[in-house]
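Just so we're aligned, residue 11 is where the sequence shown starts under our numbering, counting upward by one.
Even glycine gets a Cβ: it sits at the ideal position worked out from N, Cα and C.
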Amino acid sequence: MNLWLIVARGIDKRFFGEIEKWVVAVLPTKLDMVKYPFLPQTKKYIAELGIGFENIVENQSIRERAKERVFATFDLVAHYREEPSKQFDIEIVSFPVAVLYVSGTGEKSLAERFALFEAKQAQKYLENEKEDVILNIAKFFKWDISRTGHVPSFAVHFVNYLSNATRGRLVHDARWKLVNRLVEKGQVYVTKEEVCRLLQEEIRRHIEERVKQELGRIPREMQNDVDEVKAAFLRNKPHLEEFDQIVRAEESDYPPCVKGLFERATKGQHLSHVERFTLVTYLIHQGVGVDAIVKLFSNVPDFKEDKTRYQVEHLAGMKGSRTAYTTYSCSTLQTHGVCANPDDPICRRIKNPLTYHLKKRK
């Protein structure tokens, strides 16, 4: 049986039926299908390839890439591609296979993480597209959207705007509240970057719906892949959920100094005492639990779990003086060479990294 027909079974009418009328010629290339694998052209292309389960079982490259797509969602700091892979067919086919694997685990939180990761990757690509492409992707989702010819670049109907601005982490950000937007005749004015962010929410929901479908039986070899994916997720699930609960500051809203330290820690690079203090106290004040922070440092060369846990608990006010420590001021971080970008326009307006995301949202 054709792979795509299996993956799309029972959802064609709801998921693709209404949008098949979208002009296929708008995004016809393989590269576009690699970047935006949720488009109906991808369904058509895979159907034309005639790929079924027997082909997937024999093609280790597709199966490995599908697993990689899922495993990528386990990273505390997501690593998105700047440029799409040139192995077009593997990339295109691996997406529905990854959807199948995630669906097969039955893990709702994994489905949510996978959908979010793929949606954010699509957003990264969209941010570098011309306005015509962004416009057509939005219309693919039946948005009432048009270009303004000035700044802000787009006008989106308030219904489409609210259906996405009131979801996910945007709901916690005052910038997206309708009362804080320029609205004329039912149209909300937004920048290119804001349209891409709203589309991320739309794409995320779109993929989540796809993963929810029941797919039936699959070959033993692919079921083994599903079992491998599920086992890996369950090992990582506890500390992943800790970080998923952070709603006070999105990762993209972290100050430059913290973002850099966070990435270095996940890569297992050495951090000085001041750098560790800065990162730990910042995360504590963002509501991250001790277990998740300890896990973050597990790849650092001199990591000792008992010592790290004691230090984190001490900074959180759970040991010693019972006082939670505050992140060093920006001036102190500059003195110790931890400040990553003193010329950042927001950094120039704050005195402590803890207020960075609050200023950024205004």
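Sequence-distant residues of the same chain with beta carbon closer than 7 Å to residue i, five excluded per side
i    : result
E231 : V67
S163 : E141, R157, T201, K202
I72  : I66, I100, V103, S104, V107
E128 : I217
Q97  : none
Cβ pair residue i, residue j closer than 9 Å
i    : j    : result
L250 : F84  : yes
L49  : D99  : no
I147 : N170 : no
K186 : L192 : Note that residue 186 corresponds to Trp in the displayed sequence, not to Lys. Contact: no.
V284 : P363 : no
H295 : T345 : no
E194 : A165 : yes
R177 : R227 : no
F150 : R79  : no
V304 : V322 : yes
T291 : L343 : no
E122 : E273 : no
A5   : L209 : Only positions 11 to 372 of the chain appear in this structure, which leaves residue 5 out of reach.
Y264 : Y366 : yes
P229 : F81  : no
Y90  : K130 : yes
L120 : K240 : yes
8 Å Cβ shell around residue i - same chain, five flanking residues per side excluded
i    : result
P94  : L41, V44, K45, E101, Y135
S238 : The sequence shown places Glu at residue 238, not Ser. Closer than 8 Å at the Cβ level, and outside the excluded window around E238, lie K77.
K369 : I356, R359, I360
G270 : A350
N190 : A184
L188 : F168, Y171, L172, A175, V198
V300 : R319, V322, E323, A326, M328
G330 : H324
6 Å Cβ shell around residue i - same chain, five flanking residues per side excluded
i    : result
P266 : A350, N351, D354
F105 : P47
G327 : T333, A334
L293 : I303
F287 : none
N246 : F84
R75  : I100, S104
Paired residues, beta bridge with residue i - DSSP
i    : result
H167 : Q197
S156 : A165
Q: State whether the region 136-147 contacts the region 228-246, with contact taken as three or more CB pairs (one from each stretch) at a distance under 8 Å.
A: no
Q: Count the CB pairs spanning the region 303-322 and the region 276-284 that are closer than 8 Å, and state whether there are at least three.
A: yes
**Q.** Segments of 4+ residues assigned as alpha helix (DSSP H) that fall wholly inside the region 34-68
**A.** 40-45, 50-59, 63-68
Q | Cβ contact (3+ pairs, closer than 8 Å) linking the region 200-216 and the region 108-117 | A | no
Q: Could you pull out every unbroken beta strand (DSSP E) segment of at least 3 residues lying fully inside the region 323-348, listed in chain order?
A: none
Q: Report the residue ranges of all beta strand (DSSP E) runs contained in full by the region 268-326; include only those spanning at least 3 residues, in chain order.
A: none
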